[in-house]
Each structure stands twice: as structure tokens, then as C-alpha cells.
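Participant: Okay, handing you the structure first.
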Amino acid sequence: MGQARAHLLASLWAFYLTLAISMVAGDLTNDLDIMWGNSKVIYDSSGKQTIALTLDRWTTSAFRSKSTYLFGRIDMDIKLVAGNSAGTVTTLYMITEGLWQFHDEIDLEFLGNTTGEPYTLHTNLYARGKGGREKRYKLWFDPTADFHTYTIIWNQNNILILVDDKLIRQVKNNLMYSVPYPNYQPMRVYGSIWNADDWATQGGRVKTDWSQAPFTAYFRNYRAIACPPQQSSSLCGPSSGNWFNQELDQTRKQQLQEVDNNYKIYDYCTDTKRFKDGLPKESNDVPVHTPSKNLSISTQHTQFAHSLRHLALAKAMGPRAQVQLLAPMGALYLILAISPVISDMTNSLDMLWGNTQVAYDDTGHQIVSLSLDRWTTSAFRSKTKYLFGRIDMDIKLVAKDSAGTVTTLYMITEGLWDIHDEIDLEFLGNTTGEPYTLHTNIYARGTGGREKQYRLWFDPTEDFHTYTIIWNPQMILILVDGTPIRQMKNQLRKDIPFPLYQPMRLYASIWDADDWATQGGRIKTDWSQAPFTAFFRNYRANACVPVKTSWICSQESNDSSWFTQDLDEEGSQKLKDVDEKYKIYDYCTDSRRYPNGYPPECGSQ
1 MGQARAHLLA
11 SLWAFYLTLA
21 ISMVAGDLTN
31 DLDIMWGNSK
41 VIYDSSGKQT
51 IALTLDRWTT
61 SAFRSKSTYL
71 FGRIDMDIKL
81 VAGNSAGTVT
91 TLYMITEGLW
101 QFHDEIDLEF
111 LGNTTGEPYT
121 LHTNLYARGK
131 GGREKRYKLW
141 FDPTADFHTY
151 TIIWNQNNIL
161 ILVDDKLIRQ
171 VKNNLMYSVP
181 YPNYQPMRVY
191 GSIWNADDWA
201 TQGGRVKTDW
211 SQAPFTAYFR
221 NYRAIACPPQ
231 QSSSLCGPSS
241 GNWFNQELDQ
251 TRKQQLQEVD
261 NNYKIYDYCT
271 DTKRFKDGLP
281 KESNDVPVHT
291 PSKNLSISTQ
301 HTQFAHSLRH
311 LALAKAMGPR
321 AQVQLLAPMG
331 ALYLILAISP
341 VISDMTNSLD
351 MLWGNTQVAY
361 DDTGHQIVSL
371 SLDRWTTSAF
381 RSKTKYLFGR
391 IDMDIKLVAK
401 DSAGTVTTLY
411 MITEGLWDIH
421 DEIDLEFLGN
431 TTGEPYTLHT
441 NIYARGTGGR
451 EKQYRLWFDP
461 TEDFHTYTII
471 WNPQMILILV
481 DGTPIRQMKN
491 QLRKDIPFPL
501 YQPMRLYASI
511 WDADDWATQG
521 GRIKTDWSQA
531 PFTAFFRNYR
541 ANACVPVKTS
551 WICSQESNDS
561 SWFTQDLDEE
571 GSQKLKDVDE
581 KYKIYDYCTD
591 SRRYPNGYPP
601 ECGSQ
């Protein structure tokens with residue numbers, strides 16, 4: 001059984017995941033680009049390349065990797081600046097290339113010193129723009145006398161920094177406790193040398209002695225066992241080594257303890273002067289989360305750790321294997337609990353503004369009405385934000401002449417607009433007797449323009465109909481009365497963003513958009529027909545909600561499939577039927593809009 005499972009794992013990984021391995025160090029210039037300054041490529045006696053980075057009063061120098069990586073093991077042999085290196089900083093680091101305020105970075109900075117004094121290895125980590133996690137070490141050897149190997153291991157569980165294969169620092173992935181961790185943005189490797197005599201040596205008291213210039217550091221034997229984002233995937237799986245799933249064995253724990261006891265000279269996690277109001281939450285080992293007693297924990301899925309890069313594998317192997325595979329892996333820990341169907345909508349929704357009223361139907365269930373007149377719009381939103389979920393809402397739209405009005409049901413993030421995520425259902429009104437248009441759109445990291453429009457196959461003003469958003473790590477699915485009308489798959493590609501890490505809140509509203517909503521804006525809102533009123537009832541959220549420092553994922557007893565839901569053959573056929581009969585616009589077929597080729601996701605939606 002063990003051999004069969006291993007064979008199945010290997011086969012599935014080969015199918016779903018890609019791994020690029022550069023095991024043997026050859027010519028550095030095959031993998032690295034020389035960027036600027038006085039950088040030279042020389043050869044040692046064995047014919048191997050060495051890069052020399054030099055600093056003088058006027059020029060720094062640097063190189064970088066040709067590839068970006070999403071997780072990996074990086075090794076580099078470095079021989080640091082000899083003699084009086086005070087004021088200089090030699091670096092080996094990984095960094096993202098997106099917006100600076102959300103950048104990730106893993107730093108090894110070698111702070112020079114006066115002749116005979118030891119170097120300081122300064123390490124730091126940035127995740128989603130948040131840094132300040134400095135730890136410093138005195139090296140236990142002279143790093144200028146010969147080459148030594150410096151290693152960064154970055155996987156979904158932790159970041160490990162090693163010197164000559166001795167572990168000196170571990171940064172655990174504590175995303176589940178709201179501690180940022182680099183887990184979705186690819187990074188590039190850089191090496192550089194530069195002047196930092198305002199802080200580098202003895203807090204800036206010792207300055208760079210330019211009479212000793214040029215200052216030169218040497219780099220050789222670059223090895224990257226890593227995951228470069230490919231055209232079809234940014235995933236990687238296990239290699240012949242163990243870096244992808246690497247955790248600490250007893251030997252590594254002892255190494256870390258030895259370094260902490262003997263060579264660590266600064267740790268932000270013990271700096272009470274800097275953190276007068278309490279040390280950062282990651283400074284201590286975070287205890288295992290114990291579910292609240294008032295939650296009924298699912299016996300089949302208790303406290304498993306979900307990893308996006310293992311979802312396809314686990315899904316293919318069935319529910320029992322999902323628990324086995326997902327439990328020890330991953331960046332996002334989810335506890336699955338049973339929650340009741342929501343009845344009173346005001347328990348879960350906040351009325352925001354405008355003429356919003358709450359009434360009761362014959363069964364005692366609440367109905368929220370949103371009204372629009374010439375002066376006032378109206379809206380509500382969920383009290384809770386969600387990170388993945390299934391949202392259902394019954395809606396009865398504005399009757400008769402609704403031209404110019406837009407009734408909405410949508411999910412949206414609350415952070416910076418230029419990287420926001422959003423899932424839109426917008427019901428575009430029409431003149432009496434003409435059909436509504438359901439306009440859908442999806443934004444991910446600020447990129448939208450993914451409009452698809454549909455004619456509903458019923459009169460949505462005569463009675464309530466159920467509109468559903470399913471958002472899980474592998475897809476977004478929009479359904480009407482249980483019929484799938486739109487699917488957006490998570491392609492796991494850098495050039496096709498997908499809402500993956502930012503929580504969203506649910507909103508509903510009604511507003512005037514007669515400049516575009518009905519027949520491209522040709523028909524305007526007839527205010528003599530106001531107020532325009534839409535009705536909402538039976539709000540159900542089967543979703544992941546924040547509870548203290550965890551995300552708790554509710555699972556209704558009659559349906560626990562949304563988290564791994566995909567379209568089966570019947571669902572795919574229904575989606576195809578809707579495309580053929582009711583879809584009236586698709587950005588993926590708009591050749592006038594995209595004369596130079598359709599967006600990359602259009603070939604596989």
C-alpha cells in the first residue's frame with residue numbers, strides 16, 4: 001500500500017506540478033545577470049567562474065538571477081571583503097518585484113568591520129511590506145580567508161538560513177495567526193556590495209576608509225533548486241532533496257540552539273526597549289489552536305492545514321487522502337465546523353444607508369428591501385469578512401420599468417483599491433417587458449475587465465430566485481437557481497491573478513447607472529416610476545470567517561463540498577448550455593476590444 005501510494009503521489013505531482021532544478025553549479029553567467037558597477041567574471045584554477053563585486057567611492061556593483069522563484073533552495077559560496085571593511089555591506093538576498101508597500105524580501109547582509117574584528121551577519125525578513133524582523137550573528141570563522149556556503153531555504157512551512165550547512169535562523173509560517181509570510185509572490189536572487197557607513201559598523205560610529213578602496217567580495221557556485229513560475233504553472237513539488245517540505249529534525253534544532261546560545265548578538269524578539277507595548281506575536285512559539293467549546297467540530301476534517309499547492313493532489317485522492325495530505329502542509333490552517341442556516345438577516349448584515357427596510361414574510365423570515373429614488377441609494381453589507389466561502393441570497397428584482405437602475409450582489413476587499421479583489425453580480429434594469437441583463441465581473445489584485453453578461457431565462461421580478469457565489473482556492477463559480485452560469489479557474493499563473501489571500505465582505509445595493517446600464521446608456525432612468533425597490537431574503541454564508549487569530553470555515557451539515565468544489569460532467573454541460581443560449585457578451589471573444597490577442601486566461605475558462 002505504501003509503495004502504491006508513493007507511486008500515485010509521484011504520478012500526480014508529475015501531472016500537476018513542475019519543478020526546475022539547477023543542481024550543479026556551472027557557469028554563473030548562465031543563471032545570473034551582471035547589473036551595474038565594477039563587476040568582473042573571473043575563472044579559478046578548475047575553470048569555474050567567480051563573480052567579483054567591487055565598491056569604491058563612486059560605484060557599487062550587483063548581480064541578480066535571470067529567473068524568479070516561488071519557493072526554493074538557494075546556495076552561494078561567498079568570500080567577503082578582507083582587511084578593513086568597516087562601513088561596507090555585502091549582500092545576498094531575495095526580493096519581489098511588485099509594489100514596494102507589499103514586497104517580500106529575505107535578507108543576508110554582511111556588515112564589515114575594522115581589521116581583525118568579526119563580521120556581523122544581519123538577517124531580516126519582509127512579508128507584504130512588513131519587515132523589522134532583524135536578527136544578527138557573529139560568524140564563528142573568518143569569512144574573508146576562504147569561501148563559505150550561505151543558504152536560503154524557502155518553502156510553505158518556513159524559511160531557513162544556513163551557514164556551511166549549519167542552521168542559524170528559522171522563520172515559521174504563522175499566517176494562521178495573522179503574521180505575514182511570503183507565500184504567493186515570486187522572488188529574484190540578488191548579490192551586491194554597497195556603502196552603509198551611516199549604520200553598518202558599530203551603529204555608524206566607524207566610517208568607511210576610502211583609502212582602502214576598492215573593496216571586493218567574491219561569489220561562486222550558485223545553486224538554485226527552486227520553482228520558477230512557468231508559462232502554465234507556478235507550482236513545484238518534491239524533488240530528489242527535501243527542501244520543499246523541510247522541517248527541523250533534532251540535529252537542526254540542536255544547531256539552532258547552539259547558534260542562539262553562542263553567536264546570536266541581537267534578536268528583535270527580545271528587544272523590550274523597542275517593543276515597549278509587547279513583543280511581536282511571532283516572537284514566541286504560537287500554541288496549537290484549540291477550538292472554542294461552542295463549535296461543533298467535524299469529525300472527518302478536524303483542524304487540517306490547507307495548502308494551495310497540494311489541493312489538486314488531495315482532491316484527486318479523495319476525502320480521506322485530503323486529510324492525510326493537507327494536515328501537515330500549508331500556509332492557511334482551517335477548522336471545519338457545523339453552522340446553522342441563517343434566519344434573521346439583521347444578525348449577519350448591517351444596513352448602510354438610504355431607504356433600507358426590514359420586513360417579515362408569512363413564515364417569519366426577514367426580508368430586506370433596498371430602494372432607489374432621485375436623491376437616495378441604499379445598501380447593506382455583511383458584518384463579517386470571508387476568506388473563501390459559499391454565499392447564497394434570494395433576490396426579487398425591481399419590477400416593471402427598471403431602466404437605468406442597477407441592483408447588485410458582490411464581494412469586495414477593503415484594502416488598497418489598486419490591488420483590490422472583487423466578485424460582481426450586477427442586474428441591469430430594462431424597460432417594462434424587456435429582460436434583465438446579469439452583468440458579471442471579477443477583479444484580482446486590481447485587475448478587472450473580465451465582463452460576461454447573460455439574459456436570465458425567467459422573469460426575476462415575479463418571485464425570488466437564488467443567486468450563489470462559490471469562492472474556493474481553485475475557482476470562482478456563479479450560479480442562478482443552482483445552475484452554473486460562470487466559472488473562473490485559478491490558473492496558478494503570475495499573469496492571471498486570482499483572489500487568493502485578501503478577505504472580502506459581501507455587499508448589496510441599488511443605484512442609478514443610466515449613463516451605461518440599459519442599452520449602453522441610450523435609455524435613461526424614468527424617475528416618475530420611483531421609488532425602485534429590490535427585495536433580499538434567506539442570506540446564507542457557508543464560509544471561512546476570522547475568529548481571533550484563526551479562520552474558521554463553517555460547513556453546513558447538508559453540504560460540505562464547497563471548499564473543494566469543481567464542476568462535474570453534469571455541471572459542465574449546464575455551463576455550456578448557458579453559454580450557448582443565454583450569454584450575450586464575453587470579453588474573451590471581443591476581438592474589437594483585444595485586436596492583438598485575448599487575455600491569457602481566455603483559452604481555459
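Position 136 of the sequence shown, counting from 1, maps to 136 under full-length UniProt numbering, and the rest follow consecutively. Even for Gly, the Cβ is constructed at its ideal location relative to N, Cα and C.
Quick check on DSSP: helix, strand or coil for Gln357?
Facilitator: strand
Participant: Using the Cα positions of Ser39 and Glu97, report the straight-line distance between them to the nearest angstrom.
Facilitator: 23 Å
Participant: Just list the residues that DSSP pairs Arg205 with in beta bridges.
Facilitator: According to DSSP, Arg205 bridges with nothing at all.
Participant: Suppose the cutoff is 6 Å on Cβ atoms and the five residues either side in sequence are ignored; what does the same chain contact list for Ile74 look like?
Facilitator: Ile152, Val189, Ala224
Participant: Can you list, in chain order, the residues of its chain with a C-beta nearer than 6 Å to that of Arg191? Leave out the 5 residues immediately preceding and following it.
Facilitator: According to the sequence provided, residue 191 is Gly. The question's Arg does not apply to it. Correct list, in chain order: Phe63, Leu92, Phe219.
Participant: On the CB-based measure, 16 or more other CB atoms within 10 Å of its CB, does residue 623 come out buried or exposed?
Facilitator: No answer is possible for residue 623: it lies beyond the span of the chain, which begins at 1 and ends at 605.
Participant: Quick one: using the 10 Å Cβ neighbour count with 16 as the cut-off for buried, is Phe141 buried or exposed?
Facilitator: exposed
Participant: Using CA coordinates, which residue listed in Asp31, Thr29, Cys227 is at the minimum distance from Gly72?
Facilitator: Cys227
Participant: Taking DSSP as the reference, what is the three-state secondary structure of Asn38?
Facilitator: strand
Participant: Considering just the uninterrupted stretch of the beta strand (DSSP E) at Val480, what are its terminal residues?
Facilitator: 475-480
Participant: Do the segment 151-167 and the segment 274-285 meet, that is, are 3 or more Cβ pairs less than 8 Å apart?
Facilitator: The way I'd put it, the segment 151-167 doesn't touch the segment 274-285; fewer than three beta-carbon pairs between them come closer than 8 Å.
Participant: To the nearest angstrom, report how far apart Thr432 and Pro484 are at their CA atoms.
Facilitator: Distance between the alpha carbons of Thr432 and Pro484: 27 Å.
Participant: Note down the Cα distance separating Thr447 from Phe380, rounded to an integer number of angstroms.
Facilitator: Looking at the backbone, the Cα of Thr447 and that of Phe380 are separated by about 25 Å.
Participant: Report the rounded CA-to-CA distance for His365 versus Phe464, giving the unit in angstroms.
Facilitator: For His365 and Phe464, the distance between alpha carbons rounds to 14 Å.
Participant: Below 8 Å on the Cβ atoms is my guess for Gln491 versus Thr413; work out the distance and round it to an integer in Å.
Facilitator: Their Cβ separation, rounded to whole angstroms, is 20 Å, which puts Gln491 and Thr413 out of contact at 8 Å.
Participant: Does residue 616 come out as helix, strand or coil in the three-state DSSP assignment?
Facilitator: A question about residue 616 goes unanswered here, because the residues of the chain that appear run from 1 up to 605.
Participant: Where do the ends of the beta strand (DSSP E) carrying Gln170 lie?
Facilitator: Looking at the DSSP string, the run of the beta strand (DSSP E) that includes Gln170 is 166-172.
Participant: So Thr88 and Thr208 are in contact, right, with Cβ under 8 Å, and what is the actual spacing, rounded?
Facilitator: 6 Å
Participant: Locate the alpha helix (DSSP H) running through Lys576, then write down its first and last residues.
Facilitator: 569-581
Participant: Name the DSSP bridge partner or partners of Gln49?
Facilitator: Tyr43
Participant: My parser needs the beta strand (DSSP E) runs of 3 or more residues fully inside the segment 379-451; what are they?
Facilitator: 389-396, 405-412, 422-428, 437-443
Participant: May I have the straight-line CA-CA distance separating Gly603 from Ile496, to the nearest angstrom?
Facilitator: 12 Å
Participant: Note down, in chain order, each residue of its chain lying with its Cβ closer than 6 Å to the Cβ of Ile34, except the 5 sequence neighbours on either side.
Facilitator: Phe63
Participant: According to DSSP, what are the bridge partners of Phe63?
Facilitator: Ile34, Gly191
Participant: With a 10 Å radius around its C-beta and 16 neighbouring C-beta atoms as the bar for buried, classify Tyr181 as buried or exposed.
Facilitator: buried
Participant: Just checking my contact of Gly37 with Thr59 at CB under 8 Å: how many whole Å lie between their CB atoms?
Facilitator: 5 Å
Participant: Assign Leu162 to one of three DSSP states: helix, strand, or coil.
Facilitator: strand
Participant: By how many angstroms is the C-alpha of Ala217 removed from the C-alpha of His477?
Facilitator: According to the sequence shown, residue 477 is Leu rather than His. Between Leu477 and Ala217, the alpha-carbon positions lie close to 54 Å from each other.
Participant: Along the chain, where does the beta strand (DSSP E) containing Gln487 start, and where does it finish?
Facilitator: 483-489 is the extent of the beta strand (DSSP E) around Gln487.
Participant: Could you check what DSSP says for Thr363 in three-state terms: helix, strand or coil?
Facilitator: coil
Participant: Starting from the C-beta of Thr589, find all residues in its chain whose C-beta is less than 6 Å away, skip the five residues before and the five after it, and write them out in chain order.
Facilitator: none
Participant: Leaving out five residues on either side along the sequence, give the residues of the same chain with a beta carbon under 7 Å from the beta carbon of Tyr410.
Facilitator: Glu422, Ile423, Asp424, Leu425, Tyr507
Participant: Can you tell me which of Leu70, Ile395, Lys452 puts its alpha carbon nearest to the alpha carbon of Arg540?
Facilitator: Ile395
Participant: Which residue from Val368, Ser348, Ser378, Arg593 puts its Cα closest to that of Gln354?
Facilitator: Gln is not the amino acid found at residue 354; the sequence shown has Gly there. The option with the nearest alpha carbon to Gly354 is Ser378.
Participant: Please list the terminal residues of the continuous beta strand (DSSP E) segment that includes Phe252.
Facilitator: First, the amino acid is wrong: residue 252 is Arg here, not Phe. No beta strand (DSSP E) holds Arg252; the alpha helix (DSSP H) holding it covers 250-262.
Participant: From the DSSP secondary-structure annotation, give me the bridge partner or partners of Glu109.
Facilitator: Thr91, His122
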